[in-house]
Amino acid sequence: MATGIKDKVVILGMGCSKFGERWNCGTEHLVSEAFQEALQDAGIEKRQIEAAWFGSALDKANVGNSAIPLSTALRLEGIPVTRVENMCATGTEALRGAVYAVAAGAVDIALAIGAEKLKDTGYGGLPVQTKGTLNDLVMPYSSAPAGFAQLAAGYRARYGVSRDELKRAIGRVSWKSHQNGAKNPKAHLQKEVDIDTILNAPLIADPLGLFDCCGVSDGSACAIVTTPDIARGLGKRDLVTIKALQLSLSSGRDTGTAGWDGSYVRNTRIAAKKAYEEAGIKNPRKELSMMEVHDCFSITELVTMEDLGVSEDGGAVRDVMDGFFDADGGVPCQIDGGLKCFGHPIGASGLRMAYENYLQLLGRADRRQLKNPTCGLSHNLGGVPYSGVAAISILGLLAH
Amino acid sequence: MPEIGIKSYGACIPRLRMDRASIAAAHAWSLPSLKAAGKGERSFCNWDEDSITMGVEATRACLASGSKQRIGSLIFASTTPPFADLPNASVIVNASGLSSSTATLDTGGSLRAGVSALIRALRSQEDSDVVIVAADDRRAKPGSAQEMQYGCGALALRLGTGETVARFVGSASSASSFADHFRAEGEKYDYHWEERWVRDEGHLKIIPESVERLFSENGVSADSIDYLCMPATIPGAAAAVAKRLKIKPEAVVDNLASKCGDTGAAHGLMMLAVALERAAPGQKILVIGFGGGCDALLFETTEAIRGYKPASSVSAALARGVTDKNYTKLLSFTGEIDLDWGMRSETDAKTALTQLYRAQDQVISFIGGRCSDCGAIQFPPLVACVNCGSIKALTPYPLADELAKVATFTADWLMFYPAPPLYVGLVQFDNGARVLMEMVDVDPAKLDVGSALRMVFRIKEKDGRRHFNRYFWKAAPI
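Residue numbers (numbering that gives the first Met the number 0), protein chains in the order written: chain D, 0 to 399; chain R, 0 to 477.
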């Protein structure tokens, strides 16, 4: 009988590059920046790393195929290095690979690192990509915001929310993230924005305007993981441990059958349920200290509050307007600015979320520091709401 | 010999109509004389419509009322076929849900190709029914008179014996080197000679000769003609021909200039359909095809015309029009101007022909599958059922004629799309299937979750390098 991942693996060190338009940095510079910080934080030598997982989502825009670009950039010699890709959940996938390897006892110390260089395309937004030879023949070439904007149509229809009311609520989601991002020196966008600017911005995919969409950034984040015993042996006292790591992927049901009404993301609900079970969380609204969720678009964050069971179904608009997810609210969400302001270098994002949870749990989040957090959740969503991948990791402090 | 005739028909005129005054206004600085022609509107193809897609729509409308069995062949007539070498007619057969054993023929080379094809089919002794579908997406040089006069559209006719709405009486043809206009191979535009010469030496001499021969061979008098269907963009040409032939002036069928424009190879058939729409039983319809000679053919309506209602008549197709005053839209869709669509438009749209052929039932015929275990209807039909996961073979299930509703949608302003915004969303079929689809011909004020949709065959993507356009199905509000 499987016992789950809870408390089997701890984070020895983490690093995160500055996110943003890193015109003068290639992927090799970004991974190095995150890696050096993590190595220093872990207090180990590079040669102690026995295996690595590299998350890189867009091979054509980033460094190409395979994990060789990483092993070359970091000069990882003679160890297994694996490239993983699962759309926007790629960063969490890299973490999962490293964590599972340590939990299996295959290695003592493993590296998870994700990076994306998105600002070499020449235009804003994500690079346009092929979807495969068959999909290109039958699937519309819609953008990422168009995929998630459909949640707004479904949500409005289900809960009878007017377009204006929903627009105002998702606008406030972005407003809050800008408030938080302004306090984060590593964030891509460090500027507060007033609500009217947000609401009146040009439409990208109805009802999403420019400020409902996250930053497209260059960046890298990384984690070095090991067992609790090894960490203690290396002199670590406060240990941040993996409480849960769960993933759920679409089978085509929501795009192919009548069941889904467009008001929620099935994968998030499934992954959350399993993650809470794995972590032993019964009431997420009470037990979670903070959340870093996949706010690729403001509507995604709003719906995710319900999918994670923090808001009741149909209750996210009220919670958002009440400030429940603000820095001083019941469960602060996107305290580091989120994808919205920290930025979204795809392969790095899952690890960047874990990074903020890690910093907060260890009391190292400077101006953003929350009061005595004990448990932080991060949530990645790849693909589109009706066909995608949800990844959830929960970090907590290991009991002494 | 059983009498052959027309059993059904269907029209397609693209929804977009360019306001001619807007064309004239754009040219006013250089060609002020166009102002006189700047009245009414002309049809033009959306970026994703062409002679094949219009032909498919017309064929589907033509066949909506009857069984698709017993159709042995389909002839496609066009002077603007998307493919110079690749049977356009085969695409139409596959997309219209006709049997793959249908014989096809592509014809063109003249504006009278549609009428000529009609004569050939009526004079051949086929055991099974024939579909004639004519379509043109006419192109004209900006600032030309033709830019005002031309339109686009398609008309399909089902021919056969048995229950016909109009029986074929007879035909007469002639061949001549009279070049009122021409278009050389590889050229974009037609070249026209002086209208007065075309009328006096062409229409008024070449047409009457064939028609009089037709009358005498069939013992028909000119005053018995109830409808004269003669396409011509020269004002008054058909009336002059009627007068010369002593056909009553009220028999002249309007050439649709004010609402549609001239649809080329389809136009003779389009006007025939207008006559059929109005005709009572026992009336005579004379159809003319002109150019490099003449085709004249005569029909007489039957009792069955009384009860026949086409799925898409010409007047219904005309009524669906939406006026557009953005002249640059016409220019952009016809490739006359190359707008800066940005870097997102730079992707390569090369089609894997192997993949297309593997999936032709899905892509061209829009055939999904029905699970033999749980009954779920689905698209695309993969190996395992989307609902229950069974790997028993799915039964083919056509979706093209199934009705659906909007489940989710958005207007995408980010992605490159030649007619922004791109409307996209999950389309919920009434039969349970659900497909993520592009939505077209949208009225933004009316589109919402629950809006009713029908399926239309369109260009999915244009390959600017190899010019092999991808076709697929899209959802259009009803």
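Backbone N, C-alpha and C define an ideal beta-carbon position, used for all residues, glycine too.
Does DSSP put residue i in a helix, a strand or coil?
{"i": "R/T353", "result": "helix"}
{"i": "R/T103", "result": "strand"}
{"i": "D/V83", "result": "strand"}
{"i": "D/Q35", "result": "helix"}
{"i": "D/R74", "result": "coil"}
{"i": "R/V506", "result": "There is no way to answer for residue 506 of chain R, as the model of chain R reaches only from 0 to 477."}
{"i": "R/E48", "result": "coil"}
{"i": "R/Y416", "result": "coil"}
{"i": "R/G263", "result": "helix"}
{"i": "D/W174", "result": "helix"}
{"i": "R/P476", "result": "strand"}
{"i": "D/N266", "result": "helix"}
{"i": "R/E125", "result": "coil"}
{"i": "D/K339", "result": "helix"}
{"i": "D/A93", "result": "helix"}
CB residue i to CB residue j, shorter than 7 Å?
{"i": "R/D105", "j": "R/A88", "result": "yes"}
{"i": "R/E299", "j": "R/K283", "result": "yes"}
{"i": "R/L297", "j": "R/V168", "result": "yes"}
{"i": "D/V9", "j": "D/A230", "result": "yes"}
{"i": "D/A109", "j": "D/K7", "result": "no"}
{"i": "R/C370", "j": "R/S344", "result": "no"}
{"i": "R/L421", "j": "R/D411", "result": "yes"}
{"i": "D/D253", "j": "D/R236", "result": "no"}
{"i": "D/G170", "j": "D/I194", "result": "yes"}
{"i": "D/D163", "j": "D/S297", "result": "no"}
{"i": "R/A23", "j": "R/G37", "result": "yes"}
{"i": "R/A432", "j": "R/I376", "result": "yes"}
{"i": "D/G63", "j": "D/A33", "result": "no"}
{"i": "R/A264", "j": "R/L227", "result": "no"}
{"i": "D/A364", "j": "D/S392", "result": "no"}
{"i": "D/R46", "j": "D/A66", "result": "no"}
{"i": "R/P81", "j": "R/T103", "result": "no"}
{"i": "R/I5", "j": "R/A316", "result": "no"}
Let me make sure I understand the geometry here. Which of the options has the alpha-carbon closest to that of residue i?
{"i": "D/D327", "options": "D/T303, D/N64, D/Q178", "result": "D/Q178"}
{"i": "R/R111", "options": "R/W46, R/P86, R/T78", "result": "R/T78"}
{"i": "D/N379", "options": "D/E311, D/V316, D/Q359, D/A274", "result": "D/A274"}
{"i": "D/Y158", "options": "D/P68, D/Q368, D/E36, D/D260", "result": "D/D260"}
{"i": "R/I51", "options": "R/A183, R/L244, R/K404, R/A94", "result": "R/A94"}
{"i": "D/L248", "options": "D/V239, D/E84, D/A111, D/T267", "result": "D/T267"}
{"i": "D/N356", "options": "D/L246, D/T240, D/G322", "result": "D/T240"}
{"i": "R/D442", "options": "R/R198, R/V219, R/P476", "result": "R/P476"}
{"i": "D/V316", "options": "D/D325, D/V302, D/D306, D/L307", "result": "D/V302"}
{"i": "R/I74", "options": "R/T101, R/D225, R/A392", "result": "R/T101"}
Could you give the C-beta distance for residue i and residue j, rounded to a whole number, given that I count them as a contact under 8 Å?
{"i": "D/K390", "j": "D/A270", "result": "The amino acid at residue 390 of chain D is misidentified as Lys; the sequence shows Ala. Going by Cβ atoms, the distance from D/A390 to D/A270 rounds to 7 Å, so yes, they are a contact pair."}
{"i": "R/V321", "j": "R/R16", "result": "6 Å"}
{"i": "D/L198", "j": "D/R167", "result": "7 Å"}
{"i": "R/L158", "j": "R/A120", "result": "5 Å"}
{"i": "D/P126", "j": "D/L57", "result": "6 Å"}
{"i": "R/A295", "j": "R/S209", "result": "4 Å"}
Could you list which residues in chain R have their beta carbon closer than 7 Å to that of residue i, in chain order?
{"i": "D/S141", "result": "D411, M414, L421, V423"}
{"i": "D/A148", "result": "T409"}
In chain R, which residues lie with their C-beta within 9 Å of the C-beta of residue i?
{"i": "D/V388", "result": "In chain order: nothing, as chain R lies at least about 17 Å away."}
{"i": "D/I203", "result": "D411, W412, L413"}
{"i": "D/A56", "result": "Chain R residues near D/A56: none, gap ~18 Å exceeds 9 Å."}
{"i": "D/V127", "result": "M342, R343, S344, E345, T346, M414, F415"}
So which residues on chain D does residue i lean against when the C-beta distance must stay under 9 Å?
{"i": "R/V385", "result": "S250, G251, R252, T254, G255, T256"}
{"i": "R/V362", "result": "L133, L136, V137"}
{"i": "R/G431", "result": "T256, A257"}
Using a C-beta to C-beta distance shorter than 8 Å, which residues of chain R count as neighbours of residue i?
{"i": "D/M86", "result": "Within 8 Å Cβ-Cβ: nothing; D/M86 doesn't reach chain R, min ~16 Å."}
{"i": "D/Y385", "result": "T407, L425, L435"}
{"i": "D/G214", "result": "Correct list: empty, because the minimum Cβ distance to chain R is about 15 Å."}
Using the beta-carbon of each residue, which ones in chain D are nearer than 8 Å to residue i?
{"i": "R/V448", "result": "A152, G153, R155, A156, G261"}
{"i": "R/P379", "result": "L133, V137"}
{"i": "R/L355", "result": "L136"}
{"i": "R/A358", "result": "L133, L136, V137"}
Interface residues of chain D around residue i at Cβ under 7 Å?
{"i": "R/R243", "result": "Under the 7 Å cutoff, chain D gives no residues; its nearest Cβ is about 54 Å from R/R243."}
{"i": "R/F471", "result": "L136, V137"}
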